[in-house]
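According to the working numbering, the stretch in the sequence shown is residues 478 to 885, in order.
Just below is one structure, and these are the notes that go with it.
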Amino acid sequence: MDLTVPADYGVVASGEPSDDNPAVWAPNGDAAGTRRYRYVTLQPTRYLSCLISEFAPVTGNAGMVTLDAAPQTGTVRHGVSYDSVRLAVESNERTRDRAGRYYAAAADILDFYASVVGDVPYPTFTLALTDAILPGGHSPAYFAVLNQPLPLPPGVMMSWRTDPVAFSSYPDFFLAHELAHQWWGQAVGWKNYHEQWLSEGLAQYFAALYAEHRSGPEVFSDVLTQMRRWSLRHSDQGPVYLGNRLGRIEDEPRVFRALVYNKGAMVLHMLRRLLGDDTFFAGIRRYYNEMRFRKAGTDDLIRAFEAESGRSLTAFFDRWIHEDDLPDVDFRYRIESGSGGREAVLRFEQRGKLFEVPITVTLRYRGNARETLVVPVAGEVTEVRVPLRGRLRDVEVNEDGGALVEVG
């Protein structure tokens, strides 16, 4: 892709920048003439994109990042695989002092994602900080645009806090989400509007995984709690599989973000709870490797997880992705004496449609000791017996907000 722009403008675009490209910032603001940029895409891309803007010179914004992506023996992928990325951050004059921080954060996020997936799809990545009214961004192949909200004029009030994807406890959420799209949405595309959750749900969940990795379980739990709240609030508006048609009739874009983004991510989290970490992440890697630089459907994701888990998951995805119902679950427990001592009998009952849903149960003992387990609820009745480790004080269900269910 060859682009010629006025001399005081620069270009960030899909592809590897040519070695003889000029800097994206102009040597001086009133330079005459034009400048030419060339970008070459050696990896398959879903579409070509570019950003043309007046950039400012910044320092500490570029370098080579070696990634923790251990080679997977016997893995067959489309395209070329990389173990390092040439990373750059570009900015305008207003936000140039943020470039160094964003460079460090982007490098850490890229390294984490590569360690989870076992690969990075593109050899270069540029993060462009741009002025905007609201936070957000867009992530074509090879680069991402990250909105930097402008100060509001005097007397103007605007709040983003009532949006499903505004996470006050996680300042780098949008950055982590947009970087995840290099894998989910770009390297692995989606077949049609029904399948957009494969892009947004996976990017949303990977952003949550990075919160867990970098900031710990408390922030991760806060993110899941918000995703759950918005998912439960809007699930009756339609199934995740309805894609970008969600919320269209009432012109309410938050419904789309609540379900395609947040509910999609919560479905993945519940699947992780059902299968266990080893099987879940093996399924993620299989899905990525098989669909790299191809357009995927939900059936492809199911097939990858079924291959790793050795069990059918069609009913799970039918309920959570293709339908809009939610489980109707009651919980009771009782204490009994067993052969090994006293036991708590945990009993879940489902009414109406039957779901497969993993629900955490926390046993609190006197003296502040506690024990948490995940109960895979399925069928009309699920009972689990747990040997007690002391005198039980109380029992909390779904304390971490990791299941899309209101338990009665």
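Here a beta-carbon is modelled for each residue, glycine too, at the ideal position from N, C-alpha and C.
Do you know how far the Cα of residue j is from the Cα of residue i?
| i | j | result |
| --- | --- | --- |
| ARG862 | LEU840 | 12 Å |
| LEU437 | LEU652 | The question about residue 437 has no answer, for the chain in this structure spans 478 to 885. |
| TYR764 | ASP777 | 7 Å |
| TYR682 | MET743 | 8 Å |
| LEU723 | ASP801 | 11 Å |
| ILE610 | SER592 | 34 Å |
| GLY879 | ASN739 | 12 Å |
| GLN827 | SER786 | 25 Å |
| LEU831 | TRP797 | 11 Å |
| GLY715 | THR639 | 21 Å |
| SER568 | GLY487 | 11 Å |
| GLY540 | PRO630 | 37 Å |
| GLY829 | PRO694 | 34 Å |
| LEU587 | SER561 | 10 Å |
| ALA582 | ASP805 | 41 Å |
| GLY614 | PRO864 | 50 Å |
| LEU544 | PHE794 | 33 Å |
| GLU689 | PRO483 | 44 Å |
| PHE758 | PHE589 | 13 Å |
| VAL566 | ARG731 | 30 Å |
| VAL854 | LEU751 | 10 Å |
| MET478 | VAL633 | 41 Å |
| SER814 | GLU860 | 16 Å |
| GLU727 | GLU833 | 31 Å |
| SER712 | LEU736 | 7 Å |
Between which two residues does the alpha helix (DSSP H) harbouring residue i extend?
| i | result |
| --- | --- |
| ASP777 | 775-786 |
| THR702 | 694-711 |
| GLU767 | 754-768 |
| TYR580 | 576-594 |
| SER792 | Looking at the sequence shown, residue 792 is not Ser but Ala. Start and end: 791-794. |
| VAL542 | From DSSP, VAL542 is part of no alpha helix (DSSP H) but of the beta strand (DSSP E) over 539-543. |
Please tell me whether residue i and residue j are closer than 9 Å, where the distance is taken between their beta carbons.
| i | j | result |
| --- | --- | --- |
| ALA886 | GLY760 | Any answer about residue 886 is impossible in this case: the structure gives the chain only from 478 up to 885. |
| ARG771 | HIS555 | yes |
| ASN538 | ARG515 | no |
| VAL622 | ALA605 | yes |
| THR607 | TYR619 | no |
| TYR842 | LEU823 | no |
| LEU679 | GLY662 | yes |
| ILE836 | VAL851 | yes |
| ARG769 | ALA846 | no |
| PRO534 | ARG573 | yes |
| TYR559 | PRO617 | no |
| SER526 | ALA500 | no |
| GLN625 | ARG575 | yes |
| GLY577 | THR511 | no |
| LEU675 | THR775 | yes |
| LEU709 | LEU803 | yes |
For residue i, which residues does DSSP report across the bridge?
| i | result |
| --- | --- |
| TRP502 | PHE532 |
| ALA490 | CYS527 |
| TYR514 | LEU480 |
| VAL882 | Looking at the DSSP assignment, VAL882 forms no beta bridge with any residue, so it has no partner. |
| LYS740 | BP columns for LYS740 are empty, so no partner. |
| ALA821 | ILE812, VAL863 |
| GLN520 | Answer is none; GLN520 lacks a bridge partner. |
| HIS615 | VAL622 |
| GLN827 | VAL806 |
| ARG771 | VAL665 |
| VAL557 | DSSP lists no partner for VAL557. |
| VAL597 | TYR559 |
How would you write the range of the beta strand (DSSP E) that residue i sits in, first residue to last?
| i | result |
| --- | --- |
| SER561 | 561-567 |
| TYR810 | 805-815 |
| ASP608 | 601-609 |
| PRO626 | 620-626 |
| PRO835 | 834-842 |
| ARG722 | Taken as a continuous stretch (DSSP letters only), ARG722 belongs to no beta strand (DSSP E), as it is neither H nor E. |
| VAL732 | Here VAL732 belongs to no beta strand (DSSP E); instead the alpha helix (DSSP H) covers 730-733. |
Please tell me whether, using a cut-off of 8 Å, the distance from the CB of residue i to the nearest non-hydrogen atom of the ligand GTP is below it.
| i | result |
| --- | --- |
| GLU570 | No copy of the ligand GTP appears in this structure; indeed no ligand is present at all. |
Step through the CB atoms of chain C and report whether any lies within less than 9 Å of the CB of residue i.
| i | result |
| --- | --- |
| SER692 | In the displayed structure, chain C is absent; only one protein chain is listed. |
Residue ranges of each beta strand (DSSP E) run of no fewer than 3 residues wholly in the stretch 632-673, ordered along the chain? Secondary structure in the stretch 632-673: the beta strand (DSSP E) runs of 3 residues or longer, each lying completely within the stretch, are 665-667 in chain order.
For the stretch 846-873, list the beta strand (DSSP E) runs that are entirely contained and at least 3 residues long, ordered along the chain. As far as the stretch 846-873 is concerned, its whole beta strand (DSSP E) runs of at least 3 residues are 847-854, 858-864.
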